[in-house]
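Participant: Those protein sequence lines, which keep their order, are chains A and B.
Sequential numbering from -19 applies to the first sequence in this note's numbering.
Sequential numbering from 3 applies to the second sequence in this note's numbering.
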Amino acid sequence: MNVFSKITLSSLKKNRTRTIVTIIGVILSVAMITAVTTLIASLQSFMIRNVIATDGDWHVQFMEADSALVQRLSADNEVAAAAVSQNIGYAVLEGGQNENKPYLFVAGFDDKAMEMIPIRLLDGRLPQNDREIVINSQINNAGVRYKIGDTLNLTLGHRVLAGKRLGQNNPFVLDDQNGAPRESFVPESPKAYTIVGICEKPRFEDYSAPGYTVITKMNLAELGDADRVNVFTKLRYPAKVYEFAQSVGGGSGYTYNNDLLRYMGISKDETFNAVLYRLGGIFILLIMLGSILLIHNSFSISVAERTRQFGILSSVGATPQQLRRSVLLEGAWIGLIGIPLGIMAGIGGIGITLSLMSGIFASLSYSGVHMKLSLSLPSLVTAGVVGIITILISAYIPARKAARLSAIDAIRQTTDIKINAKKVKTSRLVPKLFGLEGTLALKNFKRNKKGYRSTVISLFVSVVLFISASAFGIYLQESAETTINESGYDILFRSTQTTDEELLLYEKLRNVSGVYDSGFYKALYFEASLPKDRLTERYLEHYYGDSLPAGDMVPINVALCLVDDGTYAAYVKDLGLDPQKYAGENTDNMIVITKINKYDDETGRYVSFDVLQGSLPLSLQLFAPGEPSGGSQPGPEITVTYIADRMPEAISESRGAGFLVFAPYSMNSRFSETRDEHLTFAFLSTDPGKSAEEMNAILKDEGIFSGYSLYNIAQIQEQNRNVIILINVFSYGFILLISLIAIANVFNTVSTNINLRRREFAILKSVGMSYKGFNKMINFECVFYGLKSLLYGLPVAFIITYLIYRSVMTGADVAFLVPWMSVGISVFSVFLVVFVTMMYSVSKVKKENTADALKKEAL
Amino acid sequence: MEILKVDNLYKTYGRDENLVKALDGVSFSVEKGEFVVIIGPSGSGKSTLLHMLGGVDTPTSGHVYVDGKDVYAQDPEQLAIFRRRQVGLIYQFYNLIPVLNVVENITLPVLMDNRQVNQERLHELLQTLNLTDRAEHLPNQLSGGQQQRVSIGRALINAPAIVLADEPTGNLDSKNGQYIVELLKLSNKKYHQTLIIITHDENIALQADRIISIEDGRISKDEVIRR
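#1: Taking only beta-carbon atoms, is Glu79(B) less than 8 Å away from chain A?
#2: Under 9 Å, CB to CB, which of the residues in the stretch 53 to 68 of chain B have a partner in chain A?
#3: Less than 8 Å between CB atoms is the rule here; does Asp396(A) satisfy it with respect to chain B?
#4: How long is the line joining the alpha carbons of Arg212(B) and Thr50(B), rounded to whole angstroms?
#5: Could you check what DSSP says for Gln601(A) in three-state terms: helix, strand or coil?
#6: Give me the chain A residues within the contact set of Met114(B), using Cβ-Cβ distance strictly less than 9 Å, ordered along the chain.
#7: What separation, rounded to the nearest whole angstrom, lies between the Cα atoms of Ile330(A) and Glu163(A)?
#8: Just to make sure I have the definition right: I need the residues of chain A whose C-beta is within less than 9 Å of the C-beta of Thr75(B). Which are they?
#9: Nearest CA to the CA of Ile178(A): which residue from Val221(A), Pro151(A) and Gly129(A)?
#10: Take Leu(-8)(A) as the anchor and find which of Val114(A), Glu673(A), Val307(A) and Ser599(A) has the nearest alpha-carbon.
#11: By how many angstroms is the C-alpha of Arg738(A) removed from the C-alpha of Ala298(A)?
#12: Looking only at its chain, what residues have a beta carbon closer than 6 Å to the beta carbon of Lys223(B), apart from the 5 residues adjacent to it on each side?
#13: Identify the contact partners of Leu174(B) in chain A, using a Cβ-Cβ distance below 8 Å as the criterion.
#14: Quick one, which of Thr419(A), Ser746(A), Asp239(A) and Ala379(A) has its alpha-carbon nearest Ala284(A)'s?
#15: Kindly indicate which three-state DSSP category Ala539(A) falls into: helix, strand or coil?
#16: Short of 7 Å in beta carbon distance, which residues of its chain neighbour Asp239(A), apart from the five on each side in sequence? Order them along the chain.
#17: Would you identify the three-state DSSP class for Phe152(A), choosing helix, strand or coil?
#18: Could you confirm whether any beta carbon from chain B is found closer than 8 Å to the beta carbon of Ala387(A)?
#19: Could you tell me whether any Cβ in chain C is nearer than 8 Å to the Cβ of Lys214(A)?
#20: In the DSSP assignment, what residue or residues form a beta bridge with Asp72(B)?
#21: Compare the C-beta of Val101(B) with all C-beta atoms of chain A and state if any pair is closer than 8 Å.
#22: Please report the straight-line C-alpha distance between Arg125(A) and Val534(A), rounded to a whole angstrom.
#23: Given this structure, state the Cα-to-Cα distance separating Ile397(A) from Leu293(A), to the nearest angstrom.
#24: Using only alpha-carbon positions, find the residue among Ile536(A), Tyr551(A) and Leu664(A) that is nearest to Phe603(A).
#25: Would you mind telling me which residues of chain B sit closer than 8 Å to Lys(-6)(A), beta carbon to beta carbon, in chain order?
#26: Measuring straight from C-alpha to C-alpha, what distance separates Val59(A) and Phe212(A)?
#27: Do Ala421(A) and Met818(A) have their beta-carbon atoms positioned less than 8 Å apart in this structure?
#28: Which two residues bound the contiguous beta strand (DSSP E) that contains Met570(A)?
#29: Evaluate Lys192(B) with the Cβ neighbour count: other Cβ atoms within 10 Å of its Cβ, from every protein chain shown; 16 or more gives buried, anything less gives exposed.
#30: Cβ of Ile246(A) within 8 Å of Cβ of Tyr173(A)?
#31: Taking the Cβ atom as the reference point for each residue, do Tyr820(A) and Ser719(A) lie within a distance shorter than 8 Å?
#32: For Ile281(A), which residues from the same chain have a beta carbon less than 8 Å from its beta carbon, with the 5 sequence-adjacent residues on both sides left out?
#33: Check whether chain A comes within 8 Å of Leu110(B), counting only Cβ atoms and requiring the distance to be less than that.
#34: Roughly how many angstroms lie between the CA atoms of Lys840(A) and Ile262(A), to the nearest whole one?
#35: What three-state label does DSSP hand His194(B) in the structure shown?
#36: Take Ser31(B) and list the residues in its own chain whose beta-carbon comes closer than 8 Å to its own, dropping the five residues that flank it on each side.
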């Protein structure tokens, strides 16, 4: 073994405690870096599995392929799997009311396609032969309802325009002049299918596609020479997909599974990975900076202790390079032990965290894909390399310093402590306040500023991070609580179908178990014109600014809510109004809210102000939105006679635009259908989860699969809470690890400094300082270090807390608050850490015989 | 033949009113094989001078030539190699590496050179230094005299042209002290090495070929005793 290796290894062994603590620091740092890189790898794998679940497990799709190409692709060595789908044809959707989507589009999938292309069944099963079919839930939107078991008698055919066959990417277009379709449908053959399942709209169907996709099974063997199919291929080496597609090419064309390729990092569009890597990079950089700050300190201590040794080596002819190498060697030994352990700890830590959090992740996942630990070689190598770099930098800084020192200075250790009387001068008050021991403590503190700087910095970093992280958590919770559930209802059902029959559904839904109160309303959206002088300056300023239209009249939005009579009556009573005047179907007295709450982009806050000025009653001539005032078809005229300050229960409408007008639902017949309206049911339930489940079952029975939204508000709140828990777990985990590194650092610094002051302590004891006095002096020093860390740490933490408050609480009106609990914890912890390490270090020194310590050379 | 030449050497510490002149224009030269003793009161600058000669401290101005080569014109790497091969330094407080045993401490300059240790020379040296049965001991298992002999071994292992000793006997009793001086004189005669010793001991001084007295950073007396 090289003589320098031997010296390095021996001194590492001699200072066993410090070496172990340094290794622990490295382990923690590498563990955190591994956690970040592994989390990135896991997230990427999650995204990839997610895309596979929604878009399918294929890389490139060849369109319009003939059977020769199908065979060629199936036999190709580079292809891991090939799936085939066939465009069987179009059929007119009987009873369909969607004028942009008048067809059914029948697609045939082979076995492989059923595997590789996701069909998300809402009910039933997949087709097993070419007489069975799965229908698309979106058919509901066209006003058509089918059930499993129904038979679908179709006349299959194709669409033609100007002699050309049309496909799913040619939208259905009506002629501008006569309103008749431009294309024509050519019927070919009748075919009967049995509906065996209902699925969500497949991802490959575009919103502008003219036919609702329905899927049957196809038989590859029966494929004729003239038939054309789509081939979905999964490659053995996905990175070669672009070359492969080009080499196969053909005249038929191909498309890539772009999302999948993007998340795999193959696509040229690297946005997602770039963002992920950049974010991860920032985190790793932060951890690195923190770690270097702390680990470098361990090496500095080691170098300071070995300065004399370096001096001797240098005087007998060690070159600066040899000395630097010797320190780096020390780093290599520490890394050799610390980095592998750190990587293992990181994987273990993040693995345990992810599995403990799996329930929460599951509640946030819509595609049924779960977040789980995924290891990748690059992520582990990155963590290892970053760890090595961290240690190298940490070791190199003190190594350079050691090598620079002249040999004789190093032997004499003259440069370590530069001291003059002015620097350690203390006020005359100090001895009176703290006694001799306090004065000595303060002088020590002042003299040894540099030695203890890293202690103060470590504690400072921990305090700042801890307080800011908990403030972040608190504000996140606050903002989550203020932004959700204004309506006070547990379940909301909103449908764009607003006919009276829909109210039968309301009766059914309100009878599920758990529901104890309910209400509904229909919202219709209009505009009205008002003279400028009836509107407030604030409103005009806010909505029009400099672009105020000329003339006297200004348009304003009017949302009319027809509330069910029961709820409305309660509302009228609650406002203290006369039921005779306000309730009932013939009332001319409507209630209005004229105050709006709106998010202001400029100030970043919610603003609240009145729209209307002047007295009531006010008559409003309504128009369909977007029509110029006095346009072709005026709507109904209404009169509002009372300004309310609150909405009826069950209403969940935003107050962002203009007037919110309330009237009883019994007046519904007065208003003809508008273009933009919806019906909302609101329910209170003792068990929202169960009620929502039963409601979903009812909707399924009714054959309703789309065109509505069912919000389980209780569940949404639960999800929000889960997100907060997740963020808290990760941020506190991060803080905990950083704090542990900081504590390791404080321990190393304090114990070494105490160790270096052995002689000084012995001198104090030899001139008669008692144990009590000695303890007092040490306690004072502890207080000074603690105070100094807090003196810097607390104000910075408060500033960061305020910045977090400003950025997290955009809008929501919550007062700035200091997380006093966390402040208390950090103050307590700072003193605890300082006192415990001081006491530990001092107890080791105390055992020593005074005379021995006095004789002892620094070496 | 002139082996060492010191030319107008200055070393100052601090500045303005705190300025301390440790060396204040020292010039002299030493012939190969000469045994020189430097004497002077404490704080006179003699240790500083010795460190300058050994290449372990840097002068404020002036030059030191060893074998005609300007020592401080070299870069740090070359200077380290100069210390390793050309000079042997012996300190009052031995300055051994505590984690290395006697043989490793003695052969340190050779090991740093990544060269093979000449076993014959090592054995001869151990025998001369009377350390043969202590070869595997660590410094803290040795007496003061033994430790100083190890440090002499370290200074001599590379057969340097100049051996510099800073009060090598200052920490030893007179018997051990005389033994150390005999060893150094032996090496001086046997290998024709130049030997420069700082001492307060008149007995040692009187054994030298030449005595240089230093006072307040200047040479106050330079007398040749025997030739």
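Every residue, glycine too, gets a C-beta built ideally from N, C-alpha and C.
Facilitator: Per the coordinate set shown:
#1: Here the question's residue 79(B) lines up with position 77 in the second sequence. Interface residue, yes.
#2: His53, Gly56, Gly57, Val58, Asp59 and Thr60
#3: In the first sequence, counting from the first residue as 1, residue 396(A) sits at position 416. Confidence is the limiting factor: at Asp396(A) the pLDDT is only 48, short of 50, which leaves the residue's position unreliable, though a coordinate-based value still follows. Not an interface residue.
#4: Locating residue 212(B) in the second sequence gives position 210, counting from the first residue. Locating residue 50(B) in the second sequence gives position 48, counting from the first residue. Approximately 19 Å between the Cα atoms of the pair.
#5: For the purposes of this step, residue 601(A) is taken as the residue at position 621 of the first sequence. In the structure shown, Gln601(A) sits in a strand (DSSP, three-state: E or B).
#6: The residue labelled residue 114(B) in the question sits at position 112 within the second sequence. The contacting residues are Val(-17), Phe(-16), Leu293, Val296, Gly297, Ala298, Thr299 and Gln302.
#7: Working through the first sequence from its first residue, we reach residue 330(A) at position 350. Working through the first sequence from its first residue, we reach residue 163(A) at position 183. If I take the Cα positions, the gap works out to 58 Å.
#8: As a working mapping, residue 75(B) is identified with position 73 in the second sequence. Thr is not the amino acid found at residue 75(B); the sequence shown has Ala there. Under the 9 Å cutoff, chain A gives no residues; its nearest Cβ is about 16 Å from Ala75(B).
#9: Here residue 178(A) corresponds to residue number 198 of the first sequence, with the count starting at 1. The shortest C-alpha separation from Ile178(A) is found at Gly129(A).
#10: As a position in the first sequence, residue -8(A) is number 12, starting the count at 1. Comparing Cα positions, the closest option is Val307(A).
#11: As a working mapping, residue 298(A) is identified with position 318 in the first sequence. As a working mapping, residue 738(A) is identified with position 758 in the first sequence. Each residue's alpha carbon lies about 30 Å from the other.
#12: As a first step, residue 223(B) is located in the second sequence; it is residue number 221 there, counting from the start. Here the set comprises Ser215.
#13: As a working mapping, residue 174(B) is identified with position 172 in the second sequence. The contacting residues do not exist; Leu174(B) stays about 16 Å from chain A at best.
#14: Locating residue 284(A) in the first sequence gives position 304, counting from the first residue. For Ala284(A), the nearest C-alpha among the options comes from Ala379(A).
#15: Numbered from 1 along the first sequence, position 559 holds the residue referred to as residue 539(A). It is a strand residue.
#16: Counting from 1 along the first sequence, the entry for residue 239(A) is found at position 259. Hits under 7 Å: Val31 and Asp35.
#17: The sequence position of residue 152(A) within the first sequence is 172, counting from 1. Here Phe152(A) sits in coil by DSSP.
#18: Within the first sequence, numbered from 1, the residue matching residue 387(A) stands at position 407. Yes, because at least one Cβ of chain B sits closer than 8 Å to the Cβ of Ala387(A).
#19: Included in the structure are the protein chains A and B, with no chain C among them.
#20: For the purposes of this step, residue 72(B) is identified with residue 70 of the second sequence, where counting begins at 1. DSSP output for Asp72(B) lists Tyr67(B) as bridge partner(s).
#21: The residue labelled residue 101(B) in the question sits at position 99 within the second sequence. Yes, its Cβ sits closer than 8 Å to a Cβ of chain A.
#22: For the purposes of this step, residue 125(A) is taken as the residue at position 145 of the first sequence. For the purposes of this step, residue 534(A) is taken as the residue at position 554 of the first sequence. Straight-line Cα distance between these residues: approximately 44 Å.
#23: Locating residue 397(A) in the first sequence gives position 417, counting from the first residue. Locating residue 293(A) in the first sequence gives position 313, counting from the first residue. Residue confidence is low: Ile397(A) scores 49 on pLDDT, short of 50, so the model does not pin down where it sits. Its coordinate-derived value is still stated next. Computed Cα separation, rounded: 21 Å.
#24: One-based indexing of the first sequence puts residue 603(A) at position 623. Of the candidates Ile536(A), Tyr551(A) and Leu664(A), the one whose C-alpha sits nearest the C-alpha of Phe603(A) is Ile536(A).
#25: Along the first sequence, one-based indexing puts residue -6(A) at 14. Result: Val101.
#26: One-based indexing of the first sequence puts residue 59(A) at position 79. One-based indexing of the first sequence puts residue 212(A) at position 232. If you take the alpha carbons of Val59(A) and Phe212(A), they lie about 10 Å apart.
#27: Numbered from its first residue, the first sequence carries residue 818(A) at position 838. Numbered from its first residue, the first sequence carries residue 421(A) at position 441. No, they are not a contact pair.
#28: Mapped onto the first sequence, residue 570(A) falls at position 590. Segment Met570 to Ile573, the beta strand (DSSP E) holding Met570(A).
#29: For this step, residue 192(B) is matched to residue 190 along the second sequence. Counting Cβ neighbours within 10 Å, Lys192(B) comes out exposed, since fewer than 16 surround it.
#30: For the purposes of this step, residue 246(A) is taken as the residue at position 266 of the first sequence. For the purposes of this step, residue 173(A) is taken as the residue at position 193 of the first sequence. No, these two residues do not count as a Cβ contact at 8 Å.
#31: Stepping through the first sequence from its first residue, residue 820(A) is reached at position 840. Stepping through the first sequence from its first residue, residue 719(A) is reached at position 739. No.
#32: Start at 1 with the first residue of the first sequence, and residue 281(A) comes out as number 301. Correct list, in chain order: Arg(-2), Asn728, Thr729 and Thr732.
#33: Numbered from 1 along the second sequence, position 108 holds the residue referred to as residue 110(B). Yes, Leu110(B) lies at the interface with chain A (some Cβ there is under 8 Å from its Cβ).
#34: Examination of residue 840(A) is not possible in this model, given that chain A is present from -19 through 839 alone.
#35: Position 192 of the second sequence holds residue 194(B). The answer is coil: DSSP assigns His194(B) none of H, G, I, E or B.
#36: For the purposes of this step, residue 31(B) is taken as residue 29 along the second sequence, with counting starting at 1. Glu4, Leu6, Lys7 and Val8.
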